[in-house]
Amino acid sequence: MTDINHELNRLLRYSLNRKLIGPEDLVCAANHLIALFGQAEFRLEEAGEIPSTVDDILEKLLDQAVNLGLIENTQTRRDLFDTLIMDQVTPRPSEVVRRFQELYKNSPGEATDFFFDFSVAANYVRKGRTDRNISWLAPTSYGDLQITINVSKPEKDPRDIAAALSVPASSYPACLLCRENEGFFGSLNHPARQNLRLIPLRLGGEEWFLQYSPYVYYNEHSIILSRQHRPMKIDRLTFVNLLEFLDTLPHYFAGSNADLPIVGGSILSHDHYQGGRHRFPMDEAPVEKEYDCPAFPNLKLGRVKWPMSTLRLRGRDKAGLISAATAILNDWREWSDESVGIWAYSGEIPHNTITPIARREGDEYLLDLVLRNNRTSPEHPLGIFHPHSDVHHIKKENIGLIEVLGLAILPPRLVPELELIKSFLAEGREDVGEESALPIHAEWYHELRTEFNGAATKEIEAGLREKVGKKFLRVLEHAGVFKRDDQGLAAFDRFVQKISGELK
231 MTDINHELNR
241 LLRYSLNRKL
251 IGPEDLVCAA
261 NHLIALFGQA
271 EFRLEEAGEI
281 PSTVDDILEK
291 LLDQAVNLGL
301 IENTQTRRDL
311 FDTLIMDQVT
321 PRPSEVVRRF
331 QELYKNSPGE
341 ATDFFFDFSV
351 AANYVRKGRT
361 DRNISWLAPT
371 SYGDLQITIN
381 VSKPEKDPRD
391 IAAALSVPAS
401 SYPACLLCRE
411 NEGFFGSLNH
421 PARQNLRLIP
431 LRLGGEEWFL
441 QYSPYVYYNE
451 HSIILSRQHR
461 PMKIDRLTFV
471 NLLEFLDTLP
481 HYFAGSNADL
491 PIVGGSILSH
501 DHYQGGRHRF
511 PMDEAPVEKE
521 YDCPAFPNLK
531 LGRVKWPMST
541 LRLRGRDKAG
551 LISAATAILN
561 DWREWSDESV
571 GIWAYSGEIP
581 HNTITPIARR
591 EGDEYLLDLV
601 LRNNRTSPEH
611 PLGIFHPHSD
621 VHHIKKENIG
631 LIEVLGLAIL
641 PPRLVPELEL
651 IKSFLAEGRE
661 DVGEESALPI
671 HAEWYHELRT
681 EFNGAATKEI
691 EAGLREKVGK
701 KFLRVLEHAG
711 VFKRDDQGLA
721 AFDRFVQKIS
731 GELK
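Per this note's numbering, numbering of the sequence shown is gapless, rising by one per residue and ending at 734.
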């Protein structure tokens, strides 16, 4: 049986080593922990191993909490309690902000290195889970796409789902991105955030905050959130804020989900951006055609070779970039071209918006503007420029900022499904039968069988990964408003000719 005294000591040594607490905090932190576990006795160990990660310690302490009757043994209850455990050894917000600002004076990179390492150490970024995600590169004509099957988010226990129905409704915090989440105790309907810390920013003359995503999808996956709980909106201030963020943290990129349903992210109710230190496939995509931009001679405007319709602005003139991007956004909001199925409005309902992404290369700013449209039709009720039904067996969800950039976030169901498909192909089975959820892959399986019938298991596995990558490419092509055929590119040029004429 786990010795709770020993595990608490391991947690204290871990916290000292990761600089969550100092030697002066040791006794106080120990007393908080023994009070949490209701222990009348405690012995501080003078020496012992120094754990490098906290996951094993927390699992053993959670088992003790279950044995002591402190929590029910469900995943949500364990997540709430392990966050409460980490709260006892997590420094107060003012201390984290002070350390960040001290390091920032020397280097923005040092400041974010500290803040990300702290967020992992405090187990806000649950690296032990995100490291289990399955990732690979998929070669395409647009370069290598990045594919990830997300297995890091635990599934809800039916007991938690049932218990959550009796939890009183609350509007505090108003959403998962509100500033009030810092230190929040959580509930069955809202994750605990006692180990969340925010770094204050000033963007566009307003108060914003920086944090990391608890389930990082790429290196140093950041969330930049407004102090105000207000809906997402893409406008001139968006471009101001993104470029000012780059002035603050020039080694990061920053981008925004679109501000309309279907083409937007999962949270449209709170204004926020995403950023981080990562190179995406779209970052490597070249400009395949340049356009005149007479009003801004110091800027370059071009069409990016990418499955989603993207214009790239580049230059040192920040004010010019903001003005040019705003003009493009405003023109796109009103643009219709029936020849390629683009309508700006259905009655008074708007359809056109932009997914903007900003980054720096040396002293130049790059601003990628991805054109989006959220119109639906009887043939495509989930969205005309959204994954179509033939790829839903791989990806059905909205195409947000991360996918736009060429990083697929695929559902965890694909892990067992692809394993079954691999075994069926290796066995030479003619079809998938009625096993579990595999009928959704039936048509795809017949395509795969003609290519991999009788192949070795390793060849099938590599081939499946490549085929999943091709499916994700199709997803991006479906989301592109101007298709990459002669008709679509000609329509793209017509739109750019209009805005080029206005940028004089």
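Don't be surprised by glycine CBs; every beta carbon is placed ideally from N, CA and C.
- Here DSSP, grouped into helix, strand and coil, assigns Y354 to coil.
- Here E436 carries a strand assignment [DSSP, helix/strand/coil].
- Only exposed fits G684, as fewer than 16 other CB atoms lie within 10 angstroms of its CB.
- In the three-state DSSP reduction, H420 falls in the strand class (E or B).
- Pairing L467 with D501, the inter-Cα distance amounts to about 12 Å.
- Close CB contacts of G506 within its chain, under the 7 Å cut and outside five residues either way in sequence, are with Y448, N449, E450, H451, S452, Y482, F483 (chain order).
- Comparing alpha carbon positions, the residue from D477, F415, L256 closest to Y334 is D477.
- Closest by C-alpha distance to L242, out of D347, I492, I315, is I315.
- Per DSSP, reduced to three states, the secondary structure at W366 is strand.
- Taking L648 as reference, the option from G268, G636, E691, Q294 with the minimal CA-CA separation is E691.
- In the DSSP annotation of this structure, L407 is not part of any alpha helix (DSSP H), being labelled neither H nor E.
- In this structure, I251 sits away from Q294, with a CB-CB distance that is not shorter than 7 Å.
- Runs of the beta strand (DSSP E) spanning 3 or more residues and lying entirely within the region 494 to 521 occur at 502 to 506, 517 to 521, in chain order.
- With contacts defined by Cβ atoms closer than 7 Å, L473 and K548 form a contacting pair.
- Here I629 is actually not in contact with I639; their C-beta atoms are around 10 Å apart, not less than 8 Å.
- With a 10 Å radius around the Cβ and a threshold of 16 neighbouring Cβ atoms, V257 comes out exposed.
- Going by DSSP, S245 is part of the alpha helix (DSSP H) stretching over 234 to 247.
- Per DSSP, L644 is one residue of the alpha helix (DSSP H) stretching across 644 to 657.
- Around the beta carbon of I558, 16 or more other beta carbons sit within 10 angstroms, so the residue counts as buried.
- Rounded to the nearest whole angstrom, the C-alpha separation of G550 and S486 is 20 Å.
- The beta carbon of H671 sits closer than 7 Å to those of H623, E647, I651, V662, all from its chain and outside the five residues before and after it, given in chain order.
- Counting other Cβ atoms within 10 Å of its Cβ, F415 stays below 16 and is therefore classed as exposed.
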